[in-house]
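In order, the protein sequence lines correspond to chains A and B.
Under my numbering, the residues of the first sequence are numbered 1 to 136, in order.
Under my numbering, the residues of the second sequence are numbered 1001 to 1136, in order.
We put the CB at the ideal spot given by N, CA and C, even for glycine.
It should be emphasised that the depicted structure is a prediction, and the values quoted were computed from it without experimental measurement.
The block underneath contains the structure these notes are about, expressed in structure tokens.
2 protein chains.
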Amino acid sequence: MDLTDYRGLVLPEHTRLTPQRLALLDLIVEREGSFTAVELFQEARRRRPELGLATVYRTVDLLRQTGSVRPLAGDTRPAYVRCEPGHHHHLICLACGAVEETELCGAPSPAVLRRRYGFRAETHELDVYGTCADCA
Amino acid sequence: MDLTDYRGLVLPEHTRLTPQRLALLDLIVEREGSFTAVELFQEARRRRPELGLATVYRTVDLLRQTGSVRPLAGDTRPAYVRCEPGHHHHLICLACGAVEETELCGAPSPAVLRRRYGFRAETHELDVYGTCADCA
DNA sequence: TGCGAGATTGAGAATCATTATCATCTGTAC
DNA sequence: GTACAGATGATAATGATTCTCAATCTCGCA
């Protein structure tokens, strides 16, 4: 799959960079921590009042396809985070919602899982919840 | 918090064991793999046709409070899994949906996260996706 | 055994998140 | 410029979950 790049966000092939999309991508790049579709929608509307909610979902979906954005597992609201390319996990602050990435990972190795359970691991998700340095 | 126990499922204090709840708890105990609220509702209705969907959500919620059931992070349908007490993670088969528990875990140690990011880890969620022995 | 406080119930309405639809418009390769 | 595939916004539709409320039931205590 050929990929388009905009400020570090990766989009699938044949994705057009429309003004609506650029506004959303800018917001995502400038933002820290997690965001919901509706939050993004409301902020983007301040810049482009004609923008529709469906476009937000469509754009987030494109970013999810390439891994530039990932849904967060947490219990409460359905939120997303921006992701750098490559394997990493998230440190999510329960107090302020900030999200930090870390390359630290110790998920059980595929070899061990295979030997022990006959399970062929493909991917995994690991999120650590706690309190960030600023809130501590 | 005082706890009530039924076939290994733990419920909060003052939880009454009504026939509706017992039917739901039985289904959860007997079931393997993950389930959605609606699936549980439909199966339980075969045994007790008068049972309401709200009761399913209420019961699942009680089990979530004690950790006997946990929502699954996966992208598709919103599903839950039964959990044994204690720290463990899940191996989720992408082919058949079966869920296996494993005590294997190598999440980054709280000490390292503290030193490196100033982050105070409290909990973490780790789910491994792949193919189970039966489907391989 | 019987009582009563308080927990629980089902049905349906209400809310919230997401996806589908469709006629119209526009970015981009030529 | 032109064509056309991809993109758009409004709105309806769907799906998941929570709320509401009057009626009912459970369980500890007498």
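Close-in-space but distant-in-sequence residues of the same chain around residue i (CB under 7 Å, 5 per side omitted)
{"i": "leucine 25 of chain A", "result": "Tyr6, Arg7, Leu9"}
{"i": "phenylalanine 35 of chain A", "result": "Ala79, Tyr80"}
{"i": "leucine 17 of chain A", "result": "Tyr6"}
{"i": "threonine 1131 of chain B", "result": "Cys1093, Leu1094, Ala1095"}
{"i": "glycine 97 of chain A", "result": "Gly33, Ser34"}
{"i": "arginine 114 of chain A", "result": "Arg120"}
{"i": "cysteine 135 of chain A", "result": "Cys93, Ala95, Cys96"}
{"i": "leucine 126 of chain A", "result": "His89, Cys105, Ala107"}
Beta-carbon neighbours of residue i, restricted to chain A and to distances below 8 Å
{"i": "threonine 1131 of chain B", "result": "Phe119, Arg120, Glu122"}
{"i": "aspartate 1026 of chain B", "result": "Ordered by position in chain A, no residue passes the 8 Å Cβ test against aspartate 1026 of chain B, which lies about 25 Å from the chain."}
{"i": "threonine 1102 of chain B", "result": "Pro108, Leu113, Arg116, Tyr117"}
Terminal residues of the alpha helix (DSSP H) in which residue i lies
{"i": "proline 110 of chain A", "result": "110-117"}
{"i": "arginine 1082 of chain B", "result": "Looking at the DSSP string, arginine 1082 of chain B is not in any alpha helix (DSSP H); the run it does join, the beta strand (DSSP E), is 1080-1082."}
{"i": "glutamate 125 of chain A", "result": "Here glutamate 125 of chain A belongs to no alpha helix (DSSP H); instead the beta strand (DSSP E) covers 120-131."}
{"i": "leucine 1040 of chain B", "result": "1037-1047"}
Cross-chain neighbours of residue i in chain B, by beta carbon under 7 Å
{"i": "leucine 91 of chain A", "result": "Leu1113, Tyr1117, Phe1119"}
{"i": "alanine 95 of chain A", "result": "Result: empty, since nearest Cβ-Cβ is about 10 Å, beyond 7 Å."}
Contact set for residue i: own chain, Cβ-Cβ below 6 Å, skip 5 residues either direction
{"i": "valine 1128 of chain B", "result": "Leu1091"}
{"i": "leucine 51 of chain A", "result": "Gln20, Ala44, Arg45"}
{"i": "valine 99 of chain A", "result": "Gly33, Ser34, Val81, His90, Ile92"}
{"i": "proline 71 of chain A", "result": "Tyr80"}
{"i": "leucine 3 of chain A", "result": "Val10"}
Own chain residues within Cβ distance below 8 Å of residue i, not counting five before or after
{"i": "glutamine 65 of chain A", "result": "Pro12"}
{"i": "valine 29 of chain A", "result": "Arg7, Gly8, Leu9, Arg82"}
{"i": "proline 1019 of chain B", "result": "Arg1048"}
{"i": "proline 110 of chain A", "result": "Arg120, Ala121"}
{"i": "alanine 1023 of chain B", "result": "Ala1044, Arg1047, Arg1048, Leu1051"}
{"i": "histidine 124 of chain A", "result": "Ala107"}
{"i": "threonine 1055 of chain B", "result": "Gln1020, Arg1021, Leu1024"}
{"i": "histidine 88 of chain A", "result": "Glu101, Thr102, Glu103, Cys105"}
{"i": "glycine 118 of chain A", "result": "none"}
{"i": "glutamate 84 of chain A", "result": "Gly8, Glu101"}
{"i": "leucine 40 of chain A", "result": "Leu24, Leu27, Ile28, Val56, Val60"}
Boundaries of the beta strand (DSSP E) in which residue i is found, first to last residue
{"i": "proline 1012 of chain B", "result": "1009-1012"}
{"i": "leucine 1063 of chain B", "result": "Per DSSP, leucine 1063 of chain B belongs to no beta strand (DSSP E); it is in the alpha helix (DSSP H), 1053-1066."}
{"i": "aspartate 134 of chain A", "result": "Taken as a continuous stretch (DSSP letters only), aspartate 134 of chain A belongs to no beta strand (DSSP E), as it is neither H nor E."}
{"i": "arginine 21 of chain A", "result": "Premise fails: arginine 21 of chain A lies in the alpha helix (DSSP H), 19-30, not in any beta strand (DSSP E)."}
{"i": "threonine 1102 of chain B", "result": "1099-1102"}
{"i": "histidine 1088 of chain B", "result": "Segment: none, histidine 1088 of chain B is in no beta strand (DSSP E) and carries neither H nor E."}
{"i": "threonine 4 of chain A", "result": "3-6"}
{"i": "arginine 1070 of chain B", "result": "1069-1071"}
Near the ligand ZN: residue i beta-carbon under 7 Å from a heavy atom
{"i": "leucine 9 of chain A", "result": "You won't find the ligand ZN in this model; it holds no ligand whatsoever."}
Contacts of residue i in chain B (Cβ-Cβ under 9 Å)
{"i": "alanine 79 of chain A", "result": "Going along chain B, no residue has its Cβ under 9 Å from alanine 79 of chain A, so there is no contact; the nearest lies around 12 Å."}
Closer than 7 Å at the beta carbon, the chain A residues around residue i
{"i": "alanine 1136 of chain B", "result": "Gly118, Arg120"}
Residue(s) in a DSSP beta bridge with residue i
{"i": "cysteine 105 of chain A", "result": "According to DSSP, cysteine 105 of chain A bridges with nothing at all."}
{"i": "cysteine 1137 of chain B", "result": "Residue 1137 of chain B falls outside the range modelled here, since chain B spans only 1001 to 1136, and no answer is possible."}
Anything in the segment 3-20 of chain A with a Cβ closer than 8 Å to a Cβ of chain B? List those residues in chain order, please.
Here the close residues number zero.
Could you list the residues in the segment 1033-1052 of chain B with a C-beta less than 7 Å from some C-beta on chain A, going in chain order?
Flagged: no residues at all.
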